[in-house]
Each structure stands twice: as structure tokens, then as C-alpha cells.
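Take a look at the structure below.
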Amino acid sequence: MADAVEARLRHAQAERLAPLDLVAMLVTDELVRRQDRLLTRRRTQARLREADKTLDTFDFDFNKKLNQACAAPPQRPPAPVGCGAILA
């Protein structure tokens, strides 16, 4: 985390970014980091036999009765109004 902050600070200084833009980048980095940790933790707790398998690699042609649209992951909800610049 500290390395990422230092890298973002150097980037902000080089690009002469506004402080609000720097904070937005740091918040975005933190949200991505937390999301990655959550996914890793859930995969570990699930104790899947083949944890590297995803729906992207699933053979939907194997079972013609399975509807691919029903197996798709849910879409991410839109960001609250006014948070677009921070969460984008």
C-alpha cells in the first residue's frame, strides 16, 4: 500500500494533478485492493477443487439444457449520484 501511495504521489506531481484527483485515484486503488482481497478470501473459504475455473472457460456446449444467460454473473450496480468521478 505504501509503495502505491508513493507511486501515485510521484505521478500526481509529474502530471500536476489537483489534490482531489490524487485522492480519487487513491480511493480507487484502495477499493480495487479490497475487492481483490475479498475475492481471494472467498475463493479460499469456498475450498473449490479447481479454483482456477471460471465461467469464461466453461463449456456451455456440453449441456445444451443449460442457459448461458442464467449463469452470467450479476452486473455491478451503478455508482450513487455524484460519485462518478471518484468511483469511475
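The sequence shown begins at 2 in this note's numbering and counts up by one. Ideal Cβ positions, reconstructed from N, Cα and C, are used throughout, including at glycine. The structure presented is a predicted model; accordingly, all values stated were derived computationally and were not measured.
Review point. If we count Cβ pairs, one from each stretch, closer than 8 Å, do we get three or more for the stretch 25-36 versus the stretch 3-10?
Key: Enough Cβ pairs lie closer than 8 Å, so yes.
Point to revise | Contact check, Ala1 vs Leu23, beta carbons under 7 Å | key: Residue 1 lies beyond the stretch modelled for the chain, which goes from 2 to 89, so this question has no answer here.
Exercise for review: Could you name the residues of the same chain whose beta carbon sits closer than 8 Å to that of Leu67, not counting the 5 residues immediately before and after it, in chain order?
Suggested key: For the purposes of this step, residue 67 is identified with residue 66 of the sequence shown, where counting begins at 1. Cβ within range, chain order: Phe61.
Exercise for review: Tell me, to the nearest whole angstrom, how far the beta carbon of Met26 is from that of Arg9; I am working on the premise that it is less than 8 Å.
Suggested key: What you label residue 26 is simply residue 25 of the sequence shown in a count that begins at 1. What you label residue 9 is simply residue 8 of the sequence shown in a count that begins at 1. For Met26 against Arg9, the beta-carbon gap comes to about 5 Å, under 8 Å, which counts as contact.
Check your understanding: Does DSSP classify Glu7 as helix, strand or coil?
Key -> Residue numbering aside, residue 7 sits at position 6 when the sequence shown is read from its first letter. If DSSP states are grouped into helix, strand and coil, Glu7 belongs with the helices.
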